[in-house]
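With positions in the sequence shown counted from 1, the corresponding number in the working numbering is that position plus 71.
Where a beta carbon is used, it is the ideal one built from N, C-alpha and C, also for glycine.
What follows is a short report on a single structure.
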Amino acid sequence: MTSGDIVYDKIHFRHDPKWSGRIGPAEGGGLLVCVACVIEMIESEDIASVRKCFALSSISGVLKCFPGALRELLQQDHRVSMRFTASLLGMLHTVEDPATLEKVHQVLVQLLLELQSEVSFHFVLDEMHKQLSDRHSVKGFRPMFNLLGALVEAVPNVAHSLVTQYVSLLEHLCSALLYPDEALKASVLYVWLKLFGTAGGSAAQSLPAAIRDRVCILLLQTLANAGSPEVINNCVGLLWLLVQQGEVVSVLMNSPDNQIMCDGNQSIHTNNSQSISQNQEQQSLDHCPLPLILKQLLLSGDEMLQVASAKCIVSVLVHSPSQYSAPFIKADVPEFLFDCLASTNSEVLLWSAYSCLVLLTQDLLFFTQCHSVYGIESLVRSLKEALRLSNLEVQKQGLLLLTEILERQPPSVRLFPSGPGFVAVSEAIIAGVSSSCLLVATQGASAASALLRLNHQSRPVQYRELEGLVQAITSRFSELPIPSPVHRRNSGNLKRSGLSSQTSRSEGFVLQALVCFQAACRLAQDCASEPALKENTFTAPSKHSHAQDSLESLCHCLLHCCDSIWIPTVIKLCERAPSAQTLQYFYSILSSQFTLLPSLMPVFANKLASSGFYRLALEHKGLLCAGNRNPNLNASCCGFLQKLSMCLLSQSDPASGSYQYDVEEVENLLVHNLPPLCCRLSDWPSLLCEAPGLQLCEYKGPRATQYCMVILLHLALQQGDRLLPDQTVFSSVLWLLRSVQEQGSCAPSHSVLRSALYLLAVTQDKSHSLDGAPLNCISKALSSCQSFSSLYIHHPALLHFICRYPELAEKFGPSVLELWLTKQAQHRDAGPTVADVQENREKRKIHADERQDQEPDTETIELLTLMEKYPAVTMTLLDMLCTREAPLAERALGVLEVLLRGQRDYEVDLCAKLRPALLQALQRLSVENMGHGLTQGHTQQAVHSLPLVLRLLCVTQASDPPSSASYSKMDGVHFKLLYHVSNIAGRLKPADTESLLPALNYLYCCLSLSPAHCTDRAVSMLLSNSGLMDQLQTVLSSSSSSSAPSPSPSACPPSALLCCSHLLLSSLITLQCVHSAQVHKSISWSLDTAVQRLLVQKRSTDNLLLVSCLRLLQALLDVDLASAVVCVSTSPGLVGPRPLGVQDGALYPLGSRGAQCLSTALSGLLLQLLQHSSTAVLWEPDLLQVMEAVERRGVKELSQEAAQALRLLLTQIQSSVLQPPPTEEHKQRVRNMMEALGPQTLAESCSPSLPSNILRVGDVSICLSDFTLRAAGCSS
């Protein structure tokens, strides 16, 4: 052969030139190729193998580089192409050199592809079939099988021809697998591998079933006895192709035992050289089924074979897990798969093993044979490693496997009996949830949902880990790409697909997270129901309630996450397109919160209702549940609304005793009528005004649905959620009440009427006033209840609604006011018993001074506003004061006292209107008890009412406006009141200080506030009342005989009573002297005792008592100790001739010793009053706090009484020795405040007609005019 040309010079001259040609570019002359030379060379036995190989290489190059050129030469005579092909086929049996054989394969395949002739293909197949048929052994056919495999791979039509026209050839291929030559088996398997893998296995679909089944059986036998890596790899590759077909899988899994022979001492394994050893001693054993064969591959240690084995198992199981899982499980394949997980970090093997185990978990046998218990530790360990890898599919598949095991594990077999195991799996799931990929995080949340089951909890329960799971899922919400509806509308078309994908993933994660959160809530409920799980036995009892690893801590975590994160996220997610499935879990979670932490639910329920959750849930029901759609969402919404409503209802605390019945009644209405109530809120008015027809059941039907709507409107509106406009609600409720009455059906229940009344009251202001017919309808509806208390709701609107219409006020006004005051008292003190009345009364007196300076509470302010609009309310309160039990009567008194002391401009003659009513009350009390006397056998009601009436009378007297003409003369109502009070005071027991004190105080105020020329009848009447005089004598005598110091007047009634007695007696002395009134009975009084008290006992005597004693002494000195009212007893040393000194002479008829004693006592008393013994008045913090309070409020805002008291206090601060002494800054603040108060005018200091003429000290009212130092023209 010449260099480059494909010719054989020795024989080329004999050949016809037509079989030669120049191939290649024309400018270079091309390459000379002679087909005849090539054929003769490969057929000649004299030509060296090297030369033949060179020629074949050259031909291969021509076929590759110059397509079509050789075809033109061969197509001149097809017999030449056939001879060329036959010559090449013959070389497969004659050539032993591997390199030459490879070139023969290459040229044959290239040649047939070049010719593209069906005749050529069939010629080759015919020759192969002929050769296999003529020989009894397939020895030496390996090159031909390799060629056939390459040809099937290169020419898909060859595969189709084989399965349709050369079945007998395929049978020879099957028989070849029985030959013991491993290399030959590998070649045959190669053919079958290419045949089943060509064109996606379409050719294999036409393969006769008998041939296919025989291939399966032979494959299993070959794989079971395989000894070389090549055979094993080809077997596994072919097996993987076969198991893609369901029919083939059935054959493989159900092969008869006697069809598969395997070597008993053989095992498939690999070492470092990946060789498989086999025992040459063959014997027949039981067949090796496919699961056992694949298990042996798992045991091989070869990662590629392990992956292939797992893939084959997956391919088998996907056809029918329930049918094919059991053989693999019985063969302990799961055990070896778990072992693979524990020993590899290969992503491919991990994914394959995960996928295989996921399918095996579908069979209960997987769990009953405890494979899950065996492999859970390996799974968790491998999952932790997988979550550190970059392959997200492996992470998802591992978490999916964990989810399947946790979901399907029987409750009787525990996976995590101890804490460390549970902690490990929690850490793995938290790592999955924290993945940057939302799909992985979603699968992690699914695994968390399965873990949050009671049967998976260790003992003790790891509450800290459970909190970690919840917090890990919750923390992802801040990272979710949840665009707002505005952002979604503004997003461009190019970004829309990507945004939609992100949103879809976010919604998927939120949905799975909701499932997980619901599972956590359910787990908390289950743990709470089992005492053994509720508390961690390894936690100290004192730390249970505050321990982080406790059920209570978990419940707080759930509530906090729900309130702060979950609710805003879900609402934002569902703003544009609400998802029924998402909302179903959302409302179920909200419902579960009401059972986890009942103590916090009132606050939580109020927050939900005030945030519009009634509207939200009802709108979702109307939007997504109408027409019986989404029944699960409807059930969740109904359950949430029911629990929310019952929680809000439990806070209403109705006054009637039928509370439990009302709760059950409302619950029944909600249970039966919430599910069918699936309409938009805009349709509610028409439903409320719809005639329901006949009502067959109390809790079902259109009328019951209307009642349910009324209750929902009430509870929502009570929290500020207006589901419908006020005018619509008012008219709808009114129509409903009228419809019920016109239909003649049973009146609505208490709960429904209560809600209807509330709605009418709250929406009245934005609606028209009612006329006769609607008022009659409402009155009839309210009258249907035996007790108005069952309809009462503590709300100001109800007060105003009832009192607005005289028709309603007449019937229900007293009841609603009584209930308002009762609720107000309960808010301050949760239901005092009768035994507590006296104690509460004493506490009230102790803090009387403080209470007077405090602002009235909101309930009282509301009543004041009500009385301003509807004056008749005042008389109703007065009637309650006289006729109701003590707690309620006292509350009514408190409101009236605030009203009177407020001196509002809207009711100038309020006191004038109250006095006749008070007179009637006193007359009634006198008549009721005249037969028995107030000292014995009197009724309990009179005992409670009398002191309250007398106290109110005192306040009325002290609050009488100066413009009133009531002081022009002491006659009429005033004199009658004075008469009855004096008679009552005369008949009371001295120990009954509760009534005696306000009685004497009232008598004193009447005398002191009335001008002197108007008091002549009053003084005469009082002095002629021997009972009153005896009463005063008794009080003074008991005080004189007591040597013990008197406590404060507010704490000890006798001290206050003695004070009032002194003041009343001083007024009687003064006025008797002015009017020369006749005295029927004198009172004995010891001057020695009075001076002794002032001189010696002043430090232990109440200041007010000292002041009153001085006032009495002053009155006596004004008449020179010579009064018909008082018989003064004194020792000779105190009374004597007028002293020579001017100052001492002013105290005549006291002698020198008496004047000296009294002067000393007065000096000490003055010092005590100013300095308070230098310890009671401390600059810090007492006085400083007073000044700061005044500066915050402002001097101009102070009442005259407060301003006067402040002026006295500031004067004392400037003149007293304080400890510690005030700083210059404090002194300047005092001076600034004194300047702001301004100078005290003469009119202010002398006029008794100003509102500031009464000072209230505890339960004693004092006329300041009796103690004011008057300037010129004003006597002291």
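Residue i by DSSP, collapsed to three states: which one?
i: residue 1199; result: strand
i: residue 1327; result: strand
i: residue 142; result: helix
i: residue 105; result: strand
i: residue 650; result: coil
i: residue 581; result: helix
i: residue 1334; result: strand
i: residue 524; result: coil
i: residue 166; result: coil
i: residue 175; result: helix
i: residue 642; result: helix
i: residue 389; result: coil
i: residue 1221; result: strand
i: residue 1206; result: strand
i: residue 956; result: coil
I need the straight-line Cα distance from residue i to residue j, nearest angstrom please.
i: residue 389; j: residue 313; result: 13 angstroms
i: residue 366; j: residue 300; result: 17 angstroms
i: residue 401; j: residue 714; result: 50 angstroms
i: residue 843; j: residue 935; result: 28 angstroms
i: residue 1105; j: residue 1052; result: 18 angstroms
i: residue 868; j: residue 962; result: 20 angstroms
i: residue 1127; j: residue 1299; result: 38 angstroms
i: residue 148; j: residue 88; result: 14 angstroms
i: residue 1088; j: residue 1135; result: 16 angstroms
i: residue 415; j: residue 674; result: 54 angstroms
i: residue 1338; j: residue 1229; result: 18 angstroms
i: residue 158; j: residue 321; result: 44 angstroms
i: residue 931; j: residue 1269; result: 21 angstroms
i: residue 1150; j: residue 973; result: 39 angstroms
i: residue 522; j: residue 542; result: 15 angstroms
i: residue 1155; j: residue 1200; result: 7 angstroms
i: residue 625; j: residue 323; result: 53 angstroms
i: residue 153; j: residue 179; result: 11 angstroms
i: residue 426; j: residue 551; result: 29 angstroms
Exposed or buried, what is residue i when buried is set at 16 or more other beta-carbons lying within 10 Å of its beta-carbon?
i: residue 136; result: exposed
i: residue 819; result: buried
i: residue 1173; result: buried
i: residue 958; result: buried
i: residue 190; result: exposed
i: residue 789; result: buried
i: residue 462; result: exposed
i: residue 1240; result: exposed
i: residue 514; result: buried
i: residue 1306; result: exposed
i: residue 39; result: It is not possible to answer for residue 39, since the shown part of the chain is limited to 72 through 1347.
i: residue 1103; result: buried
i: residue 940; result: exposed
Can you name the residues that DSSP bridges to residue i?
i: residue 213; result: None; residue 213 has no bridge partner.
i: residue 91; result: 105
i: residue 113; result: The partner list for residue 113 (beta bridge, DSSP) is empty, contrary to what the question assumes.
i: residue 77; result: 104
4 or more residues per run - each alpha helix (DSSP H) lying fully within the region 684 to 716: 684 to 695
Kindly provide the ranges of any beta strand (DSSP E) runs that are 3 or more residues long and lie completely inside the region 1145 to 1172, ordered along the chain. 1154 to 1157
Contained beta strand (DSSP E) runs [length at least 3] in the region 744 to 789, N- to C-terminal order: none
In the region 810 to 839, which residue ranges form an unbroken alpha helix (DSSP H) of at least 4 residues, counting only runs that do not cross its ends? 821 to 834
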